[in-house]
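A.B. asks: Numbered as in the working numbering, the sequence shown ends at 473 without a single skipped number.
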Amino acid sequence: MVAHPRKRTFRALAGGTGSTGRALAGGTGSTARALAGGTGSTTRALARATGSTAASLRTKPARRPPRALGVKHRTAIARRGAVKRRPARQAARVAKFLVQHARDAPFVRKGLRSFWEYRDLGISEATGGRYGGYIVRSNHAGNESTGIHFHRPDVQLIYVLKGWLKAEYRGQGTVTLEAGTMLHNPPGNPHNVFAYSEDLEFLEITAPADYPTVDVESVAGPLRIRR
Numbered sequence: 247m248v249a250h251p252r253k254r255t256f257r258a259l260a261g262g263t264g265s266t267g268r269a270l271a272g273g274t275g276s277t278a279r280a281l282a283g284g285t286g287s288t289t290r291a292l293a294r295a296t297g298s299t300a301a302s303l304r305t306k307p308a309r310r311p312p313r314a315l316g317v318k319h320r321t322a323i324a325r326r327g328a329v330k331r332r333p334a335r336q337a338a339r340v341a342k343f344l345v346q347h348a349r350d351a352p353f354v355r356k357g358l359r360s361f362w363e364y365r366d367l368g369i370s371e372a373t374g375g376r377y378g379g380y381i382v383r384s385n386h387a388g389n390e391s392t393g394i395h396f397h398r399p400d401v402q403l404i405y406v407l408k409g410w411l412k413a414e415y416r417g418q419g420t421v422t423l424e425a426g427t428m429l430h431n432p433p434g435n436p437h438n439v440f441a442y443s444e445d446l447e448f449l450e451i452t453a454p455a456d457y458p459t460v461d462v463e464s465v466a467g468p469l470r471i472r473r
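(1) Does the segment 343-355 come close enough to the segment 366-382 to have 3 or more Cβ pairs within less than 8 Å?
(2) At what residues does the beta strand (DSSP E) containing Ile381 begin and finish?
(3) Based on DSSP bridge pairs, tell me the residues matched to Val345.
(4) What is the C-beta distance between Pro189 and His397, in whole angstroms, given that I count them as a contact (C-beta under 8 Å)?
(5) Measuring CB to CB, does Leu407 end up less than 8 Å from Phe448?
(6) Return the chain-ordered list of same chain residues with a C-beta closer than 8 Å to the C-beta of Trp410, the five sequence neighbours on each side being excluded.
(7) What do you reckon, are the CB atoms on Val401 and Thr452 nearer than 8 Å?
(8) State the DSSP-derived secondary structure class of Pro432, mapped to helix, strand or coil.
(9) Examine chain D for any beta-carbon lying closer than 8 Å to the beta-carbon of Pro458, and answer yes or no.
(10) So, with DSSP's three-state summary, where would you put Ile323?
(11) Quick check: Ile404 and Leu429, are their CB atoms within less than 8 Å of each other?
(12) Look at Glu414 and Asn431 and say whether their C-beta atoms are less than 8 Å apart.
(13) Just to confirm my understanding: we take Ala341, look at its own chain, exclude 5 residues before and 5 after, and list those with CB closer than 7 Å. What are they?
(14) To the nearest angstrom, how far is the alpha carbon of Ala466 from that of Pro436?
(15) Just to confirm, are Val382 and Glu463 a CB contact at a threshold of 8 Å?
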């Protein structure tokens with residue numbers, strides 16, 4: 247009896263499916279074994295690579311030799327270092343803002359000379375004593391002499407606002423200061439103020455605010471700058 251065409255087709259398909267299944271199964275097994283082998287070797291390779299990378303990260307790279315710096319770069323680095331290493335005492339010297347009106351700061355007879363009056367400008371307090379400032383005036387024509395003396399500030403500036411005064415300075419003879427005159431007297435320079443007008447008024451700026459004054463017998467001789 248001849249089989250029905252549909253049955254022959256089914257058996258052929260069934261046979262093909264079985265062989266195909268066995269082929270696929272065999273292929274799948276070999277593929278799996280190949281992947282497994284590849285996975286193992288790949289895992290070992292990755293592990294070795296990871297270990298070597300970690301070791302290389304733990305090892306510090308060799309330092310490059312320092313570059314030769316030019317004068318400009320060395321100067322800039324030195325300046326930056328100087329700013330960073332500034333002493334705390336120097337950095338703490340912060341000046342205060344100051345505004346002083348004449349009505350708030352009267353003249354008083356309390357200063358170096360009893361025959362003059364002084365107005366403290368508050369500069370010493372505002373700068374922590376680094377600088378001092380006074381307006382000095384006379385209320386009568388002066389015959390009094392300051393006597394021969396010298397001061398020991400780092401800086402002493404005199405600017406005459408009104409009137410005039412006469413003084414003898416070492417190596418200069420008699421010097422007349424009048425309104426608009428500025429005088430810088432070096433530290434240790436002997437001098438003597440011996441005449442001044444009734445309306446004398448001058449500004450005095452010194453650094454520091456406090457400094458010694460020493461009486462001497464003569465304006466001659468070298469500067470007395472020893473401290």
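Just so you know, even glycine gets a beta-carbon here, dropped at the ideal spot from N, CA and C.
C.D. replies: Per the coordinate set shown:
(1) Three or more beta-carbon pairs drawn from the segment 343-355 and the segment 366-382 are found closer than 8 Å, and the two stretches are therefore classed as touching.
(2) Along the sequence shown, one-based indexing puts residue 381 at 135. That run of the beta strand (DSSP E) goes Gly378 to Arg383.
(3) Taking the sequence shown and counting its residues from 1, one reaches residue 345 at position 99. Paired residues: none, contrary to the question.
(4) Given a span of 247 to 473 for the chain in the structure shown, any question on residue 189 remains unanswerable.
(5) Here residue 407 refers to the residue found at position 161 of the sequence shown. Here residue 448 refers to the residue found at position 202 of the sequence shown. Yes, the Cβ-Cβ distance between Leu407 and Phe448 is below 8 Å.
(6) Walking along the sequence shown from the start, residue 410 turns up at place 164. Once the five neighbours on either side are set aside, the close Cβ partners of Trp410 are Thr422, Leu423, Glu424, Ala425, Tyr442, Ser443 and Leu446.
(7) Taking the sequence shown and counting its residues from 1, the one referred to as residue 401 is at position 155. Taking the sequence shown and counting its residues from 1, the one referred to as residue 452 is at position 206. The answer is yes: Cβ separation under 8 Å.
(8) Taking the first residue of the sequence shown as position 1, residue 432 is located at position 186. If DSSP states are grouped into helix, strand and coil, Pro432 belongs with coil.
(9) Of the chains in the structure shown, none is chain D; there is only one protein chain.
(10) In the sequence shown, residue 323 corresponds to position 77, counting from 1. Only weak support is given to the placement of Ile323: the predicted model assigns it a pLDDT of 47, under 50, and the question is left unresolved by the model.
(11) Within the sequence shown, numbered from 1, the residue matching residue 404 stands at position 158. Within the sequence shown, numbered from 1, the residue matching residue 429 stands at position 183. Between Ile404 and Leu429, the gap from beta carbon to beta carbon is short of 8 Å.
(12) Position 168 of the sequence shown, counted from the start, is the residue given in the question as residue 414. Position 185 of the sequence shown, counted from the start, is the residue given in the question as residue 431. Not closer than 8 Å, so no.
(13) On the sequence shown, residue 341 is found 95 positions in, with the first residue counted as 1. Only residues of its own chain outside the window of five on either side were considered, and among them Ala372 and Thr373 have a CB closer than 7 Å to the CB of Ala341, listed in chain order.
(14) Stepping through the sequence shown from its first residue, residue 466 is reached at position 220. Stepping through the sequence shown from its first residue, residue 436 is reached at position 190. Rounded to the nearest angstrom, the two C-alpha atoms are 8 Å apart.
(15) Taking the first residue of the sequence shown as position 1, residue 382 is located at position 136. Taking the first residue of the sequence shown as position 1, residue 463 is located at position 217. No, the Cβ-Cβ distance between Val382 and Glu463 is not below 8 Å.
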